[in-house]
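Engineer: Residue numbers (numbering that gives the first Met the number 0): 0 to 454.
Quick one: the structure is below, and I'll ask about it shortly.
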Amino acid sequence: MTWKLEELAGSEFRCQCGHTHRVPIQKIRMGKDALGHLEEDIPEMHLSGKALIVADETTFGVAGQQVEVALQQARVDSDRVILRPRHNLQPANWVLPDERSLGEVLLKVPEAPGFLVAVGSGTINDVTRFVAHKTGMPFVSVGTAASMDGYASTVAALLTGSFKKTVPAAHPLAIYVDPDILATAPLEMAAAGFGDLLGKSIALADWRLSHIINGEYYCPTIAGIVEQVLATAIKDVAALSSGDPEALLRLTEGLILSGVAILMFGDSRPVSGAEHELAHFWEIQALAHGRLFYHGDKVAIGTLLMTEMYDRVLSIKPETLDWEKIYRDRPPITSYMETLQQDFAGAWEALYSPNWKQTKLEELKRPTGNLLAANWDRIKEEVPQSLLKMDEIRGYLAALGLCQTPQELGIKREWLEASLRSGREMKPHRYTIMDLAAEMGCLDIVSNELLKSVV
Ligand SMILES: [Zn+2]
Ligand SMILES: [Zn+2]
């Protein structure tokens, strides 16, 4: 079946997986007259008082005035805050989700009752959803670019100092997306959005892998939604590369659906695996060196690397491995932690918890050989279902002007080596192909092969 976003909004249903899934976003309006619905939606969502529009110069230019007019028609008073780039990072014209932006929005938050309207993409939504969460003020989101899958998110990625931190935040009450607004954004933003969706091929494989080997909870309905999102994005590559507004709208729909999958599941497991761990790892390193990248550009490269890792690890026959030697060669926890401290370059302290150490000690004792003997046939059959071919991925990246190698994107060789060695600790409780490779004692060897073949 095909999942329609507008129908999923506000829904609640008992699923074949045994859980009840809820989508707490009340309205999702996609299409040319999307903002025209604001007038009828505001009373239905019980929004009242003054609205604060949060935008940057560009997004206010392409959609801010339309939002102001729509609010006037709904007889809502509005104020605005236009965030500006003021930092030493590159590219210098990006607005950041940092303390300054948060402060600027907080200073203008209206007295309750009132609500916030995010007009923009990643940063604008992150800042608004965090302020909404802290002040208890509802917010609605008006999308301006198909660049990332955070529109429906309940976490915000904020920048404090030179560290990116993911913190709890509020989901929007409603999302509005007009294809003509999307078409005004640079194509590189849609390419990044596509890169983010390409990563779902790995995320789904990692989820199925963990379901089989660890018995982790898996929902076929949510997996089906994510599969649909991936398939639609791939079918649209040619149309996206020519900036077709309807394809941009479908891409945005996919990105929002991906966020809806997170809401239904309760965390980002269905849509974020090893490819996102690598992307987040590179982000930390790049920020420390004053560089900013689109999230989706890094996810695309992470997808390329992890596709190759899957190919190589799944071609191993576990029964041919010397498991006694693999168990003996696993590192003592102390030296493992020293490696992490070096690889995370100062960021490890923020990630470490006593809980982590306990889990890691157990992992270092896992009888992986036995677990694989019982499950390998099933893993080989079910896990690769969502995986793409390397040439196929390269073709999509080329069609959309995305970087083909980590170097092209500006990821240094040492970050790359460190990420393959330690990136799986970015989200230590999320089991991925990198964890399996480590447990099989082949992470180093496979990583070296990757560095030769993909880089
Ligand atoms: Zn389910
Ligand atoms: Zn993402």
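Don't be surprised by glycine CBs; every beta carbon is placed ideally from N, CA and C.
Indicate, with yes or no, if ligand 1 has a heavy atom lying under 8 Å from the CB of P219.
Structural biologist: yes
Engineer: Please return the same chain residues whose Cβ sits closer than 6 Å to the Cβ of D97, not counting the five positions on each side in sequence.
Structural biologist: L158
Engineer: Please state the DSSP three-state secondary structure of L157.
Structural biologist: Of the three classes helix, strand and coil, the one that applies to L157 here is strand, per DSSP.
Engineer: Beta carbon of V454, beta carbon of P405: below 9 Å?
Structural biologist: yes
Engineer: What's the gap between the Cα of F138 and the Cα of W375?
Structural biologist: 47 Å
Engineer: Quick one: Cα of A69 to Cα of T333, how far?
Structural biologist: 59 Å
Engineer: Checking 9 Å against the spacing of the C-beta atoms, do L254 and L196 come in under that value?
Structural biologist: yes
Engineer: Is it the case that the segment 36-45 contacts the segment 261-273, given that we only count it when at least three CB pairs across the two stretches are under 8 Å?
Structural biologist: no
Engineer: Short of 7 Å in beta carbon distance, which residues of its chain neighbour N92, apart from the five on each side in sequence? Order them along the chain.
Structural biologist: P84
Engineer: Do you know how far the Cα of K411 is from the Cα of L277?
Structural biologist: 13 Å
Engineer: Taking only the alpha-carbon atoms, compute the straight-line gap between T302 and S47 and give it to the nearest angstrom.
Structural biologist: 44 Å
Engineer: Please classify M147 as buried or exposed, where buried requires at least 16 other C-beta atoms within 10 Å of its C-beta.
Structural biologist: buried
Engineer: May I ask you to verify whether the segment 118-129 touches the segment 321-341, counting CB pairs closer than 8 Å and requiring at least 3?
Structural biologist: Contact between the segment 118-129 and the segment 321-341 is not established, with fewer than three Cβ pairs separated by less than 8 Å.
Engineer: Is M457 near ligand 2, with its Cβ less than 8 Å from a heavy atom?
Structural biologist: A query on residue 457 cannot be resolved here, the shown segment of the chain reaching from 0 to 454 and no further.
Engineer: Cα-Cα, which of I81, S120, Q65 is closest to L34?
Structural biologist: Q65
Engineer: Let me confirm a value: T1 is counted as buried when at least 16 other C-beta atoms fall within 10 Å, else exposed. Which label applies?
Structural biologist: exposed
Engineer: Is it right to say P269 is buried, meaning 16 or more other beta carbons lie within 10 angstroms of its own, or is it exposed?
Structural biologist: buried
Engineer: Between the Cα of D205 and those of D434, S140, C441, I24, spot the shortest distance and give me the residue it belongs to.
Structural biologist: Of the listed residues, the one whose Cα sits closest to D205 is D434.
Engineer: With a threshold of 16 other CB atoms inside 10 Å of the CB of C14, please say whether the residue is buried or exposed.
Structural biologist: Flag for C14 reads exposed.
Engineer: Do L229 and L239 come within 9 Å of each other at the CB atom, strictly closer than that value?
Structural biologist: no
Engineer: Does DSSP put F12 in a helix, a strand or coil?
Structural biologist: strand
Engineer: Does the segment 202-221 come into contact with the segment 278-293, if we say contact requires no fewer than three beta-carbon pairs (one atom in each stretch) closer than 8 Å?
Structural biologist: no
Engineer: Relative to the C-alpha of L4, which residue among F12, T19, I27, I52 is closest?
Structural biologist: I27
Engineer: I want to know whether the segment 296-311 touches the segment 387-399 - three or more CB-CB distances under 8 Å.
Structural biologist: Segments in contact, yes.
Engineer: Within 8 Å: the Cβ of M0 and any heavy atom of ligand 1?
Structural biologist: no
Engineer: Hey, V141 and V108: beta-carbon distance below 9 Å or not?
Structural biologist: Taking 9 Å as the cut-off, the Cβ atoms of V141 and V108 do not count as close.
Engineer: Could you check how far apart the C-beta atoms of A260 and I221 are, in whole angstroms? I think they sit under 8 Å.
Structural biologist: Their Cβ separation, rounded to whole angstroms, is 5 Å, which keeps A260 and I221 in contact under 8 Å.
Engineer: Here's the rule: buried if 16 or more other CB atoms are within 10 angstroms of the residue's CB, otherwise exposed. What is F59?
Structural biologist: buried
Engineer: Label T431 either buried or exposed according to how many other C-beta atoms from any shown protein chain fall within 10 Å of its C-beta, with 16 as the threshold for buried.
Structural biologist: Burial call: buried.
Engineer: Looking only at its own chain, which residues have a Cβ that is under 6 Å from the Cβ of A144, when we skip the five neighbours before and after it?
Structural biologist: S120, A184, M188
Engineer: Should F292 go down as buried or exposed, given a rule of 16 or more other Cβ atoms within 10 Å for buried?
Structural biologist: buried
Engineer: Cβ-heavy atom distance between D148 and ligand 2 below 8 Å?
Structural biologist: Under cutoff, so the answer is yes.
Engineer: Assign P219 to one of three DSSP states: helix, strand, or coil.
Structural biologist: Looking at P219 - three-state DSSP - the assignment turns out to be helix.
Engineer: Classify I81 as helix, strand or coil using the three-state DSSP reduction.
Structural biologist: Here I81 sits in strand by DSSP.
Engineer: Considering Cα atoms alone, identify which of L256, A155, V130, V166 is closest to M29.
Structural biologist: L256
Engineer: Thinking C-beta only, is R365 closer than 9 Å to S209?
Structural biologist: Going by C-beta atoms, S209 is not nearer than 9 Å to R365.
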